[in-house]
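**Q** Residue numbers (the UniProt record's numbering): 1 to 216.
Don't be surprised by glycine CBs; every beta carbon is placed ideally from N, CA and C.
Since the structure is predicted, the reported quantities are computational estimates derived from the model, not experimental observations.
One structure follows; several queries about it will come next.
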């Protein structure tokens, strides 16, 4: 009598099933890893940054969340003509192409007049850009003070006739003056000019205090 071959067929089918299962598992692992990496790096996903100016923080936050972005309030300003808690400025310009997952830093409007930190405009930008940034925070500007230097380059900021520096907190009710080059200078501007301007201002203040003490 010939031996029964059914067990061999069963063994072969079991081996084939195991191989197919391993292939399927490998495919799922590789596919899952690729999909996860794609989500992590946001490959190919570009978003047009919306204009949030004038929107309430809650609306702006929800808008960004739906786009895969995160809102973070980093500063406050004060504009009397706008309601409290609306967006005054954003760290990423409207219309810029960005990937999801980014954090968008926002400046919101305060409920009443406050002291606001001066942005980094001295020796860092043109008059036009400085005015736009300062007005967005609610500052009032006087006509600029012109000095010898590159045309429309901001060399410093004055408050009540005294030099003010980046980060100094100034009430938005106090007018500020930009110190701007008039374009008539023959010497090229260098990075030490605004520092010299600031130090000279400090020296003038010191001299004035010495004079006042002498008068008393």
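Report the residue ranges of all alpha helix (DSSP H) runs contained in full by the segment 123-184; include only those spanning at least 4 residues, in chain order.
**A** Whole alpha helix (DSSP H) segments, 4+ residues: 127-136.
**Q** Return the chain-ordered list of same chain residues with a C-beta closer than 6 Å to the C-beta of residue 139, the five sequence neighbours on each side being excluded.
**A** For residue 139, where only same-chain residues beyond five positions count, the Cβ hits under 6 Å are 172, 176.
**Q** Helix, strand or coil: how does DSSP classify residue 45 here?
**A** Correct three-state label for residue 45: coil.
**Q** Go through the UniProt domain "PASTA" (44-110) residue by residue and report every complete run of the alpha helix (DSSP H) that reaches 4 residues or more, in order.
**A** 57-66
**Q** Are residue 156 and residue 163 touching if we call contact CB-CB under 8 Å?
**A** yes
**Q** Using beta-carbon positions only, say whether residue 109 and residue 77 come within less than 8 Å of one another.
**A** yes
**Q** Label residue 84 either buried or exposed according to how many other C-beta atoms from any shown protein chain fall within 10 Å of its C-beta, with 16 as the threshold for buried.
**A** Exposed, because fewer than 16 other Cβ atoms sit within 10 Å of the Cβ of residue 84.
**Q** Taking one C-beta from the segment 48-68 and one from the segment 97-111 each time, how about it: are there three or more such pairs within less than 8 Å?
**A** yes
**Q** DSSP on residue 116, reduced to helix/strand/coil?
**A** strand
**Q** So, with DSSP's three-state summary, where would you put residue 30?
**A** helix
**Q** Please say whether residue 104 and residue 91 have beta carbons closer to each other than 8 Å?
**A** yes
**Q** I'd like to know whether the C-beta atoms of residue 182 and residue 146 end up nearer to each other than 8 Å.
**A** yes
**Q** Report back the beta-carbon spacing between residue 184 and residue 159 to the nearest angstrom; my notes put them in contact at under 8 Å.
**A** So it is not a contact: roughly 25 Å between Cβ atoms.
**Q** Taking Cβ to Cβ, would you say residue 169 is nearer than 8 Å to residue 116?
**A** yes
**Q** Between residue 93 and residue 54, is the Cβ-Cβ spacing less than 8 Å?
**A** No, they are not a contact pair.
**Q** Classify residue 113: buried if its beta carbon has 16 or more other beta carbons within 10 angstroms, exposed otherwise.
**A** exposed
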